[in-house]
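Asks: Sequential numbering of the sequence shown, starting at 250, is according to our numbering. Positions of the beta carbon are idealized from the N, C-alpha and C atoms, including for glycine. Here it is, the structure, as C-alpha coordinates.
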Amino acid sequence: KNKIGINIENNICDACKYNQIKSSIDWKKREKELIKLLDKHRKNSNAYDVVVPGSGGKDSAYTAHILKY
(Lines of atoms letter the chains of each structure in order from A and count residues from 1; the text may use other names and numbers.)
(Lines give C-alpha, C1' and ligand atoms only; values in the text may rest on other atoms or scores of the structure.)
Protein backbone atom coordinates (compact mmCIF):
# COMPACT_ATOMS: atom_id res chain seq x y z
CA LYS A 1 0.00 0.00 0.00
CA ASN A 2 1.40 3.37 -0.98
CA LYS A 3 1.34 5.94 1.75
CA ILE A 4 0.19 9.42 0.80
CA GLY A 5 0.59 12.35 3.17
CA ILE A 6 1.00 12.24 6.92
CA ASN A 7 -0.81 9.56 8.89
CA ILE A 8 -2.27 10.98 12.11
CA GLU A 9 -3.90 8.70 14.64
CA ASN A 10 -5.16 9.88 18.05
CA ASN A 11 -3.69 13.33 17.28
CA ILE A 12 -0.16 11.85 16.96
CA CYS A 13 1.62 11.71 13.61
CA ASP A 14 3.83 8.82 12.48
CA ALA A 15 7.02 10.87 12.88
CA CYS A 16 6.15 11.67 16.50
CA LYS A 17 5.31 8.02 17.22
CA TYR A 18 8.65 6.94 15.76
CA ASN A 19 10.47 9.61 17.78
CA GLN A 20 8.85 8.34 20.98
CA ILE A 21 9.94 4.79 20.23
CA LYS A 22 13.44 5.86 19.17
CA SER A 23 14.04 7.90 22.31
CA SER A 24 13.20 4.93 24.55
CA ILE A 25 15.78 2.58 22.98
CA ASP A 26 18.98 1.80 24.88
CA TRP A 27 21.35 2.44 21.96
CA LYS A 28 24.51 1.30 23.79
CA LYS A 29 22.87 -2.02 24.60
CA ARG A 30 21.68 -2.38 21.00
CA GLU A 31 25.19 -1.67 19.72
CA LYS A 32 26.68 -4.34 22.01
CA GLU A 33 24.06 -6.84 20.82
CA LEU A 34 24.85 -6.02 17.19
CA ILE A 35 28.60 -6.39 17.70
CA LYS A 36 28.08 -9.72 19.46
CA LEU A 37 25.93 -10.94 16.55
CA LEU A 38 28.44 -9.74 13.96
CA ASP A 39 31.37 -11.32 15.83
CA LYS A 40 29.73 -14.72 15.39
CA HIS A 41 29.98 -14.34 11.61
CA ARG A 42 33.36 -12.65 11.20
CA LYS A 43 36.16 -14.41 9.35
CA ASN A 44 39.61 -14.84 10.83
CA SER A 45 41.39 -13.46 7.77
CA ASN A 46 41.90 -10.22 5.90
CA ALA A 47 38.89 -10.99 3.71
CA TYR A 48 35.96 -8.62 3.76
CA ASP A 49 33.15 -9.53 6.15
CA VAL A 50 30.50 -7.47 4.40
CA VAL A 51 29.82 -5.45 1.28
CA VAL A 52 27.94 -2.20 1.73
CA PRO A 53 26.47 -0.91 -1.51
CA GLY A 54 26.28 2.82 -2.06
CA SER A 55 25.17 5.23 -4.74
CA GLY A 56 28.39 7.25 -4.71
CA GLY A 57 26.66 10.32 -3.36
CA LYS A 58 27.65 12.23 -0.25
CA ASP A 59 25.53 10.08 2.10
CA SER A 60 27.02 6.79 0.93
CA ALA A 61 30.53 8.29 0.88
CA TYR A 62 30.03 9.40 4.49
CA THR A 63 28.75 5.94 5.42
CA ALA A 64 31.81 4.30 3.82
CA HIS A 65 34.08 6.67 5.74
CA ILE A 66 32.38 5.92 9.06
CA LEU A 67 32.56 2.17 8.44
CA LYS A 68 36.25 2.33 7.57
CA TYR A 69 37.32 4.50 10.49
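Quick one: give me the first and last residue of the alpha helix (DSSP H) that A328 is part of.
Replies: Here the chain comprises residues numbered 250 to 318, so residue 328 is not present and cannot be evaluated.
Asks: Considering only the beta carbon of each residue, do V301 and L316 sit closer than 8 Å?
Replies: Here the question's residue 301 lines up with position 52 in the sequence shown. Here the question's residue 316 lines up with position 67 in the sequence shown. Result yes, Cβ atoms of V301 and L316 sit closer than 8 Å.
Asks: Return the chain-ordered list of same chain residues with a C-beta closer than 6 Å to the C-beta of D263, the five sequence neighbours on each side being excluded.
Replies: The count along the sequence shown starts at 1 and reaches residue 263 at position 14. These residues qualify, in order along the chain: N256.
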